[in-house]
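*Asks:* Below are the structure tokens for one structure; questions will follow.
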Amino acid sequence: AALAVVYGRYLRSVSKRTQDALAQATQLAEERISNIRTVRAFGKELSEVDSYTRKADRVLSLAKQEAVMRAGFFGVTGLSGNLMILSVLYKGGLLMASQHMTVGELSSFLMYTFWVGISIAGLSSFYSELMKGFGAGARLWELLDRKPEFPLNEGQVLHPDQLKGQLQFCDVSFSYPARKEAAIFQELNLSVPAGSIMAVVGPSGSGKSSIVSLLLRLYDPDAGFITIDGHDIRDLNPYWLRSHIGTVSQEPVLFSCSIRENIAYGALDPDAVTSEDVYRAARVANAFDFIQAFPKGFDTVVGEKGVLLSGGQKQRIAIARAL
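In terms of the numbering used here, the sequence shown opens at residue 153 and continues consecutively.
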């Protein structure tokens, strides 16, 4: 029993570390392959192969540790079963010599011992897989146990007649959770009248994109508040809020599906979007002509993250999606 407890704890630990190492190796491979153009542009193919090899070797090393521990555990349990049978044979032989046991009784007892040994071996295998599963599942349970900082689909929903679009940032202070010491805003005040066009200009890292992130409520300010038509966005339903804001990021990400589906993704109900709606958005975004030039037109699949398109083409499709 003591051996099983020690083995179980060790196997859980090694299994968790193996899953962590495997996740790191997979993440590295996925990231580098999806950015293969950058890797080739800098001539880093061999360097990336070495990086992935080190990650894979780490996984292999942990897998070997797990295999050695499993082999030792099953070896000990198997040896225990064999010693049990040998003990029964030895003691049974002595009892038969003293005529306290018959051959039939010894055979029956050996059979019982054999079945008990098989059961113990089965339990050992089950226990081993159970501990391995606990270790592998630890990463998943960590994610499941995480609680959202704010409800994702709860809060006030404004009636269309109430929604005008006036934005107000009132004494907003903000820093990213991972960089609390670096303040992005200190008591920011900003007013955007409804229906107006405004450009926010500033050097890199000054917080231009952070304004959009706060408006989408991807983060909450550390102090102050943001309102839309006088309503604090923390009181609004985040799903509803984001569905009424169109955004185009600096590095737009497209999904690995057709251009038509990528553009329709920005609608409240993509299934209800007609081809004419998609064409109209593409024309406004000045994307219609180059899309039509593709052999499959709007049914062209753009690849993972839009890898088959140029940067400008992705930007225009992202604008059409926002529209």
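Every residue gets a Cβ at the ideal spot worked out from N, C-alpha and C, and that includes glycine.
Note that the coordinates shown come from a computational prediction; the quantities given were computed from them, not determined experimentally.
If you compare alpha carbons, which of 221, 443, 262, 226 is closest to residue 242?
*Replies:* 262
*Asks:* Over what stretch of residues does the beta strand (DSSP E) that includes residue 379 continue unbroken?
*Replies:* 375–380
*Asks:* Closest by CA to residue 171, which one among 285, 402, 230, 267?
*Replies:* When each option's Cα is compared against that of residue 171, the closest is 285.
*Asks:* For residue 325, which of helix, strand or coil comes out of DSSP?
*Replies:* strand
*Asks:* Please name the residue in 292, 247, 369 whose C-alpha comes closest to that of residue 307.
*Replies:* 369
*Asks:* When the Cα of residue 458 is compared with those of 166, 159, 187, 168, which residue comes out closest?
*Replies:* 187
*Asks:* Would you kindly report the start and end of the unbroken alpha helix (DSSP H) that includes residue 467?
*Replies:* For residue 467, the enclosing alpha helix (DSSP H) stretches over residues 463–474.
*Asks:* Under a Cβ-count criterion, where at least 16 other Cβ atoms within 10 Å of its own Cβ denotes burial, should residue 424 be classed as buried or exposed?
*Replies:* Residue 424 is exposed by the Cβ-count criterion.
*Asks:* So residue 166 and residue 218 are in contact, right, with Cβ under 8 Å, and what is the actual spacing, rounded?
*Replies:* 5 Å
*Asks:* Let me know the alpha helix (DSSP H) ranges lying completely inside the segment 425–460, each 4 residues or longer, listed in chain order.
*Replies:* 427–436, 440–444
*Asks:* Closest to residue 364 by C-alpha separation, out of 240, 244, 163, 398, would be which residue?
*Replies:* 398
*Asks:* Can you round the beta-carbon distance between residue 455 and residue 408 to whole angstroms, since I take them to be within the 8 Å contact cut?
*Replies:* 6 Å
*Asks:* What does the alpha-carbon distance come out to for the pair residue 313 and residue 381?
*Replies:* 11 Å
*Asks:* With 16 as the cutoff for other CB atoms within 10 Å, does residue 362 come out buried or exposed?
*Replies:* Under a 10 Å Cβ-count criterion, residue 362 is classified as buried, with 16 or more other Cβ atoms of the shown protein chains found around its own Cβ.
*Asks:* Spell out a yes or no on whether the segment 321–332 and the segment 199–217 are touching, meaning 3 or more CB-CB pairs, one atom from each, closer than 8 Å.
*Replies:* no
*Asks:* May I have the straight-line CA-CA distance separating residue 410 from residue 469, to the nearest angstrom?
*Replies:* CA-CA distance, residue 410 to residue 469, rounds to 11 Å.
*Asks:* Short check: CB of residue 222 to CB of residue 163, under 9 Å?
*Replies:* yes
*Asks:* Can you give me the C-alpha to C-alpha distance between residue 467 and residue 371, rounded to a whole angstrom?
*Replies:* 25 Å
*Asks:* If you pair each beta-carbon of the segment 298–307 with each one of the segment 379–393, do three or more pairs fall below 8 Å?
*Replies:* yes
*Asks:* Just to check my reading of the structure: residue 442 and residue 465 have Cβ atoms closer than 8 Å, yes? What is that Cβ distance to the nearest angstrom?
*Replies:* 6 Å
*Asks:* Quick check for students: name the residue ranges of the beta strand (DSSP E) that lie wholly in the segment 304–351, counting only runs of 3 or more.
*Replies:* 319–326, 337–344
*Asks:* Reducing DSSP to helix, strand and coil, say where residue 410 ends up.
*Replies:* strand
*Asks:* For residue 217, report the span of its alpha helix (DSSP H) as first-last.
*Replies:* Run containing residue 217: 197–249, per the alpha helix (DSSP H) assignment.
*Asks:* Going by DSSP, what residue range makes up the alpha helix (DSSP H) through residue 386?
*Replies:* From DSSP, residue 386 is part of no alpha helix (DSSP H); its letter is neither H nor E.
*Asks:* Would you tell me roughly how many angstroms separate the C-alpha atoms of residue 434 and residue 416, rounded to the nearest one?
*Replies:* 10 Å
*Asks:* Here's the rule: buried if 16 or more other CB atoms are within 10 angstroms of the residue's CB, otherwise exposed. What is residue 194?
*Replies:* Classification for residue 194: exposed.
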